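From first to last, the protein sequence lines stand for chains R and X.
Going by full-length UniProt numbering, the first sequence opens with residue 1, and the numbers climb by one from there.
Going by full-length UniProt numbering, the second sequence opens with residue 1, and the numbers climb by one from there.
Where is the CB? At the ideal position from N, CA and C, for every residue including glycine.
In this text the structure is predicted, and so the values were computed from the model without any measurement.
I have placed the structure first, in the form of structure tokens, so that the comments after it can refer back to it.
Protein chains: 2
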Amino acid sequence: MTATEGPAAAEGPAAAGGGAPATAGGDTPGRSRDDTVATVVRQWRAVHPGLDTGPMEIIGRINRCAALLQQAEDAPLRREGLTRPEFDLLGALRRTGHELTPGELARETFSSGAAVTKRLKQLSERGLVERRGDTRDRRVAHVRLTDAGRDLVDGILPVQLAYETAVLSGLDGPERGELAALLGELLGQLEGRLGALRA
Amino acid sequence: MTATEGPAAAEGPAAAGGGAPATAGGDTPGRSRDDTVATVVRQWRAVHPGLDTGPMEIIGRINRCAALLQQAEDAPLRREGLTRPEFDLLGALRRTGHELTPGELARETFSSGAAVTKRLKQLSERGLVERRGDTRDRRVAHVRLTDAGRDLVDGILPVQLAYETAVLSGLDGPERGELAALLGELLGQLEGRLGALRA
DNA sequence: TCTTGTTACTTTACAAGTAAAATATCTGCT
DNA sequence: AGCAGATATTTTACTTGTAAAGTAACAAGA
Chain R
1 MTATEGPAAA EGPAAAGGGA PATAGGDTPG RSRDDTVATV VRQWRAVHPG
51 LDTGPMEIIG RINRCAALLQ QAEDAPLRRE GLTRPEFDLL GALRRTGHEL
101 TPGELARETF SSGAAVTKRL KQLSERGLVE RRGDTRDRRV AHVRLTDAGR
151 DLVDGILPVQ LAYETAVLSG LDGPERGELA ALLGELLGQL EGRLGALRA
Chain X
1 MTATEGPAAA EGPAAAGGGA PATAGGDTPG RSRDDTVATV VRQWRAVHPG
51 LDTGPMEIIG RINRCAALLQ QAEDAPLRRE GLTRPEFDLL GALRRTGHEL
101 TPGELARETF SSGAAVTKRL KQLSERGLVE RRGDTRDRRV AHVRLTDAGR
151 DLVDGILPVQ LAYETAVLSG LDGPERGELA ALLGELLGQL EGRLGALRA
């Protein structure tokens, strides 16, 4: 984002900047609840009328949504004494269905190796994961869920999904589909191209 | 997100879950770059066929996009020796155009008061902000940008916006407009209703 | 005027992540 | 065999955020 769209500051007016007005849910009845980003972008435009604040409308909102969603969704996890990164780690083991090495967990989980090391230590102290050394290559470890770990994940997952469904219930079916598709396209591009941009 | 959509783990298939298929840019020529979330959701569905993984497609992607965007966009800021939260704070002062109290900065910036206190300390040591006590109420302080602070923000902002534009260039104009509108609607709902849900 | 409650901000103790260095082990070549 | 360079993971030192307590100052009623 431009200036202020971290989890912290926000940006941009309603739907101006980018391109076309909303396709589907732009100006339906009770919809247009003005979001914080709209206000922030308005302020920026008043101060710097020349700048194209379009990107703020997307990036600012993504960041702000991510922050709010995370805060909200941490609740069910905390009830079970897990942080999200911890749950992500356990979830990676659960959904792949097999053992993973710390390195694979780091990649799967988009976090650093050092962070994974720390989490594994805690999770294994809690009896949720177990590790075993590779017999061929003694540098590598293999991590697997214990029964308790698997049960914990399986118990939380439906609750989380139900909670998420409730959180998204403000959008109707078609809107959710559109949003998912657009985000998927953006994400695909970001994942494919960001390395290049960064260089 | 459900299980794994923090900045860490991801989720869900392409566009299935939610509702309608993509409105505009669903299956155009070279588009459908498969994103990580799609893979993750596929894995979850294989393990738990009964669960509705729809929310993952949105929430997982928002989180992942936020993580990638943040990493990418930190670059221009770091060049100037700022973290994003620091820039957000300076930006809040710049875009409002007047002094703010620490408390207002915390609200404007969506961060805790303690965090603002720390940042202000560092930023004023660097000569980017100044503080003065309120004469009426000696509990409150007023923070303002120094000239150096203002120049720094004004110098970075265009670079950031240009960078963001480049990052979003994978989407065409109408898609960007749609995405901004949908995110705006979601965010409006989240900001208005999350407190209620949390309760 | 005391004193109770609130507000504004800061401090402290602590949890968690990161980058860079450290360890240990493997691979391929000579 | 022996060594140079890669890999896999952990360790260390440090940064930053948070929650909770602490400090200071205001407001309003008894």
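Output the distance between the C-alpha atoms of residue i and residue j, rounded to the nearest integer angstrom.
| i | j | result |
| --- | --- | --- |
| ARG107 of chain R | GLU99 of chain X | 44 Å |
| THR23 of chain R | ARG176 of chain R | Residue confidence is low: THR23 of chain R scores 35 on pLDDT, short of 50, so the model does not pin down where it sits. No coordinate-derived value is stated. |
| ARG79 of chain X | LEU128 of chain X | 16 Å |
| ARG138 of chain R | LEU89 of chain R | 23 Å |
| ARG126 of chain X | THR146 of chain X | 10 Å |
| THR117 of chain R | PRO102 of chain R | 7 Å |
| ALA180 of chain X | LEU182 of chain R | 10 Å |
| ALA75 of chain R | ARG95 of chain R | 22 Å |
| LEU187 of chain X | ASP134 of chain X | 35 Å |
| ARG144 of chain X | ARG131 of chain X | 6 Å |
| LEU93 of chain X | HIS48 of chain X | 49 Å |
| GLY155 of chain X | TYR163 of chain X | 13 Å |
| ASP35 of chain R | ALA141 of chain R | 47 Å |
| GLU104 of chain X | GLY113 of chain X | 9 Å |
| GLU86 of chain R | VAL41 of chain R | 35 Å |
| ASN63 of chain X | ARG61 of chain R | 11 Å |
| GLU178 of chain R | LEU171 of chain R | 10 Å |
| GLU57 of chain X | LEU190 of chain X | 17 Å |
| residue 204 of chain X | VAL159 of chain R | Shown here, chain X extends from 1 to 199; a query on residue 204 of chain X therefore has no answer. |
| VAL153 of chain X | ARG84 of chain X | 12 Å |
| GLY97 of chain X | THR109 of chain X | 15 Å |
| LEU161 of chain R | ARG136 of chain X | 51 Å |
| ALA46 of chain X | ALA115 of chain R | 28 Å |
| SER111 of chain X | SER111 of chain R | 23 Å |
| LEU157 of chain R | ILE59 of chain R | 28 Å |
| GLY91 of chain R | LEU77 of chain R | 12 Å |
Quick one: is residue i buried, meaning 16 or more other Cβ sit within 10 Å of its Cβ, or exposed?
| i | result |
| --- | --- |
| ALA148 of chain X | exposed |
| ASP151 of chain R | exposed |
| ALA3 of chain R | With a pLDDT of 40 at ALA3 of chain R, under the threshold of 50, the predicted position of this residue should be treated as unreliable, though the coordinate-derived value follows. It counts as buried. |
| ALA72 of chain R | buried |
| residue 264 of chain X | The structure shown has nothing for residue 264 of chain X, since chain X only spans 1 to 199. |
| GLY192 of chain R | exposed |
| ALA38 of chain X | buried |
| GLY173 of chain R | exposed |
| GLY81 of chain X | exposed |
Cβ-based contacts, 7 Å cut-off: residues of the region 93-107 of chain X near chain R: Cβ contacts with chain R: ARG94, ARG95, THR96 and GLY97.
Inter-stretch contact at 8 Å, needing at least 3 Cβ pairs: the region 115-125 of chain X / the region 48-55 of chain X: With a cut-off of 8 Å, the region 48-55 of chain X and the region 115-125 of chain X do not count as touching, because too few Cβ pairs lie within range.
Chain R contacts made by the region 128-149 of chain X, where a contact means CB separation under 8 Å: Against chain R - using a Cβ distance shorter than 8 Å - the region 128-149 of chain X contributes no residues.
Cβ pair count under 8 Å reaching 3, the region 149-167 of chain X against the region 66-83 of chain X: Yes: at least three Cβ pairs fall under 8 Å.
Chain-ordered residues of the region 160-183 of chain X with a beta carbon less than 9 Å from chain R: Within the region 160-183 of chain X, contact with chain R at the beta-carbon level (separation under 9 Å) is assigned to GLN160, LEU161, ALA162, TYR163, GLU164, THR165, ALA166, VAL167, LEU168, SER169, GLY170, LEU171, ASP172, GLY173, PRO174, GLU175, ARG176, GLY177, GLU178, LEU179, ALA180, ALA181, LEU182 and LEU183.
Any alpha helix (DSSP H) of 4 or more consecutive residues that is wholly inside the UniProt domain "HTH marR-type" (55-188) of chain R: The UniProt domain "HTH marR-type" (55-188) of chain R contains these whole alpha helix (DSSP H) runs: 84-96, 102-109, 113-125 and 147-167.
Near-chain X residues of the region 41-52 of chain R (beta-carbon distance less than 7 Å), N- to C-terminal order: From the region 41-52 of chain R, only GLN43, TRP44, VAL47, HIS48, LEU51 and ASP52 have a Cβ closer than 7 Å to chain X.
Under 7 Å (Cβ pairs) to chain X, residues found in the region 115-128 of chain R: If the cut-off is 7 Å between Cβ atoms, the region 115-128 of chain R has nothing near chain X.
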